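2 protein chains.
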Amino acid sequence: MNYYTISQLAEQFDVSTRTIRYYEERGLISPIRTESGQRLYTKKDRAVLKLILRGKRFGFSLDEIHEMISLFDNDRTGRKQLEKTIAYGEQKLKEVTERIEDLMQLKQEMESILADFRERLQKLEGIE
Amino acid sequence: MNYYTISQLAEQFDVSTRTIRYYEERGLISPIRTESGQRLYTKKDRAVLKLILRGKRFGFSLDEIHEMISLFDNDRTGRKQLEKTIAYGEQKLKEVTERIEDLMQLKQEMESILADFRERLQKLEGIE
DNA sequence: ATTTTAGTTTACGTTTACGTAAAAGTCAAT
DNA sequence: ATTGACTTTTACGTAAACGTAAACTAAAAT
Numbered sequence: 002m003n004y005y006t007i008s009q010l011a012e013q014f015d016v017s018t019r020t021i022r023y024y025e026e027r028g029l030i031s032p033i034r035t036e037s038g039q040r041l042y043t044k045k046d047r048a049v050l051k052l053i054l055r056g057k058r059f060g061f062s063l064d065e066i067h068e069m070i071s072l073f074d075n076d077r078t079g080r081k082q083l084e085k086t087i088a089y090g091e092q093k094l095k096e097v098t099e100r101i102e103d104l105m106q107l108k109q110e111m112e113s114i115l116a117d118f119r120e121r122l123q124k125l126e127g128i129e
Numbered sequence: 002m003n004y005y006t007i008s009q010l011a012e013q014f015d016v017s018t019r020t021i022r023y024y025e026e027r028g029l030i031s032p033i034r035t036e037s038g039q040r041l042y043t044k045k046d047r048a049v050l051k052l053i054l055r056g057k058r059f060g061f062s063l064d065e066i067h068e069m070i071s072l073f074d075n076d077r078t079g080r081k082q083l084e085k086t087i088a089y090g091e092q093k094l095k096e097v098t099e100r101i102e103d104l105m106q107l108k109q110e111m112e113s114i115l116a117d118f119r120e121r122l123q124k125l126e127g128i129e
């Protein structure tokens, strides 16, 4: 397997290294270290970072994202744990679904407003 | 027409009065005043507030929301202005569309992860 | 070998989006 | 009329999510 340095990741996702270290501070990502202490990020770490940034774009807080990440990488073997995880996941899935619906409504509204503006422009051009 | 007081709006949307006043500070909403200085909100003001809060849920900053609001209530009569508004609107529409697609992908991923967990649970239950 | 570049920790600074408290005026109800 | 709930402005406080700078070490390039 191959590793990324922190600045490589920073460049790939257009964030600062500070940001990535901050996510580590908050326990969202855990790169391994070289003997000298340099952080090395695996493909998996990269995927986690991608997830974090996507979550951010959707307006989730880092705490919420933290919870969602634990959904992905946790080894929940116990039955109770598994059930809890599923319940939590279903809850989050519902939230995401609602957000999609909400956004689609917004899109509709924007489209109708735009249509209105285009119509006005048409009329203006008819005058000239 | 009928008016709302600030606390009525605050209750309806489950935000603080401070929040609503802050949006006014930032120029996002402009209620009229009684002679004594009390704020009165129209249906339109209410709609704007609703828009602001929706924008927030999507992770837009107040500055971005401000721009988007101006799309709605501005009287852009000039042709140049109209064209600029349409261009801006198309841009924002594109962003929203991308977000929807992004969210739908997230939803897909969550569903497949959930399916995986459910399968694991099934197997565990088969053992007992 | 020695610059240059990149990485580390520590720590204080900053912005956004409000929370909270004080001091004073106003509205609604008893 | 006076209590109590509500509103106003002013102003300082705060949590989240980083930015930025210092002081230092390691890696890469010349």
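Those protein sequence lines, which keep their order, are chains A and B.
Mind the numbering: the first sequence is residues 2 to 129 in the working numbering, read in order.
Mind the numbering: the second sequence is residues 2 to 129 in the working numbering, read in order.
Ideal Cβ positions, reconstructed from N, Cα and C, are used throughout, including at glycine.
All figures in this text were calculated on a predicted structure; none of them were measured in a lab.
Here the alpha carbons of Glu91 of chain A and Gln123 of chain B stand approximately 17 angstroms from one another. Taking C-beta atoms as the reference points, Phe59 of chain B and Ile87 of chain A fail to come closer than 9 angstroms. Taking a 10 Å sphere around the C-beta of Arg19 of chain B, we find fewer than 16 other C-beta atoms and assign the residue as exposed. Residue ranges of uninterrupted alpha helix (DSSP H) with 4 or more members, entirely inside the region 63-120 of chain B and ordered along the chain, are 63-74. Within the model, the alpha-carbon separation for Ile7 of chain A versus Ile53 of chain A is close to 15 angstroms. Taking 9 angstroms as the threshold, the shortest C-beta distance from Phe61 of chain A to chain B falls below it. Sixteen is the threshold: when 16 or more other Cβ atoms of the shown chains lie within 10 Å of the Cβ of Gly56 of chain A, as they do, the residue is buried. Per DSSP, the continuous alpha helix (DSSP H) segment holding Arg55 of chain A begins and ends at 44-58.
At a Cβ-Cβ threshold of 9 angstroms, Glu112 of chain A and Leu94 of chain B count as neighbours. A check of alpha carbon separations from Ala48 of chain B across B:Glu65, B:Gln109, B:Tyr23, B:Leu29 identifies B:Leu29 as the nearest.
As the crow flies, the alpha-carbon of Ile33 of chain A is around 25 angstroms from that of Thr78 of chain A.
Asp64 of chain A counts as exposed, since fewer than 16 other C-beta atoms from the protein chains shown sit within 10 angstroms of its C-beta. Residue environment for Arg27 of chain B: exposed (fewer than 16 other C-beta atoms within 10 angstroms of its C-beta). For the pair Ile21 of chain A and Lys45 of chain A, the Cα-to-Cα distance works out to about 14 angstroms. Around the beta-carbon of Ile66 of chain B, 16 or more other beta-carbon atoms lie within 10 Å, marking it buried.
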